[in-house]
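Engineer: Numbering (mature numbering (1 follows the signal peptide of the UniProt record, and there is no 0)), first residue to last: -21 to -1, 1 to 139.
Note that CB positions come from ideal geometry on N, CA and C, so glycine has one too.
1) To the nearest angstrom, how far is it from the Cα of residue 88 to the Cα of residue 116?
2) What does residue 42 pair with, by DSSP beta-bridge criteria?
3) Can the beta-carbon of residue 5 be found less than 7 Å from the beta-carbon of residue 29?
4) Nearest to residue 96 by CA position, among 76, 108 and 67, is which residue?
5) What does the alpha-carbon distance come out to for the pair residue 83 and residue 14?
6) Tell me the rounded alpha-carbon separation between residue 63 and residue 80.
7) Between residue 110 and residue 100, what straight-line distance do the alpha-carbon atoms span, to the nearest angstrom?
8) Classify residue 64 as helix, strand or coil using the three-state DSSP reduction.
9) How far does the alpha helix (DSSP H) with residue 133 in it extend, from its first residue to its last?
10) Sort out for me which residues DSSP pairs residue 89 with in a bridge.
11) Quick one: using the 10 Å Cβ neighbour count with 16 as the cut-off for buried, is residue 20 buried or exposed?
12) Tell me where the alpha helix (DSSP H) around residue 112 begins and ends.
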C-alpha cells in the first residue's frame, strides 16, 4: 500500500508542480517548498534551494518540480544568464576593454568579428555607466550595456 501511495504521489507531481513555477526564481524544490510565501527572504531561499541542490536541472529534464523543459531561451535571457554567472570577471574585463569574459559576452551577444573591437572600446569607455556600483545586478549591467550599444552608431544594430 505504501508503494502505491508513493507512486501515486510521484505521478501527480508533474501536474501539481506546473502551477508552482515562480517567474523570479524558476522551478524546482525550492519553489515548491516556499510556495505561497511572500517576500525577498523566501525568494532568496527558494532560488538558493533550486540552484544549489541540482533539483532544477532534474526537474527540467524530467518535467517535474514545476519545471517545463519545452521552452526556448531568447538572446536576452542568454545574455542575462551569462552576465549573472560572470559578473566579477566581466566587470574587470569591461574596465580593461579586453579579456576572455568580455570576448565571450560579445560571442553570446552575436557581435560580428568586425565590430568586436568597437564593442570592447565602447564598453571600456562607458564602464562607469555600465557597472554603476559594487551592488549592481546582472540585469542592470545588461540594461546599461544595451543602452550604451544602442547609442553607438556602429553597434546600434545589436540592440536587444
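Structural biologist: Reading it off the structure:
1) Here residue 88 refers to the residue found at position 109 when the chain shown is read from its first residue. Here residue 116 refers to the residue found at position 137 when the chain shown is read from its first residue. Residue 88 and residue 116: Cα-Cα distance of roughly 18 Å.
2) Position 63 of the chain shown holds residue 42. Beta-bridge pairing links residue 42 to no other residue.
3) For the purposes of this step, residue 5 is identified with residue 26 of the chain shown, where counting begins at 1. For the purposes of this step, residue 29 is identified with residue 50 of the chain shown, where counting begins at 1. It is a contact, given that the beta carbons lie within the stated cut-off.
4) In the chain shown, residue 96 corresponds to position 117, counting from 1. Comparing Cα positions, the closest option is 76.
5) Residue 83 sits at position 104 when you count from the first residue of the chain shown. Residue 14 sits at position 35 when you count from the first residue of the chain shown. Cα to Cα, the separation comes out at about 36 Å.
6) Against the chain shown, residue 63 aligns to sequence position 84. Against the chain shown, residue 80 aligns to sequence position 101. Cα to Cα, residue 63 sits roughly 12 Å from residue 80.
7) Taking the chain shown and counting its residues from 1, one reaches residue 110 at position 131. Taking the chain shown and counting its residues from 1, one reaches residue 100 at position 121. Roughly 15 Å between the two C-alpha positions.
8) Along the chain shown, read from residue 1 onward, the residue named residue 64 stands at position 85. Residue state, collapsed to three classes: helix.
9) If you number the chain shown from 1, residue 133 lands on position 154. Unbroken run through residue 133: none, as it is neither H nor E.
10) Here the question's residue 89 lines up with position 110 in the chain shown. Looking at the DSSP assignment, residue 89 forms no beta bridge with any residue, so it has no partner.
11) Within the chain shown, the letter at position 41 stands for residue 20. Residue 20 should be labelled exposed.
12) Locating residue 112 in the chain shown gives position 133, where the first residue counts as 1. If you look at residue 112, you'll find it isn't in any alpha helix (DSSP H); DSSP assigns it neither H nor E.
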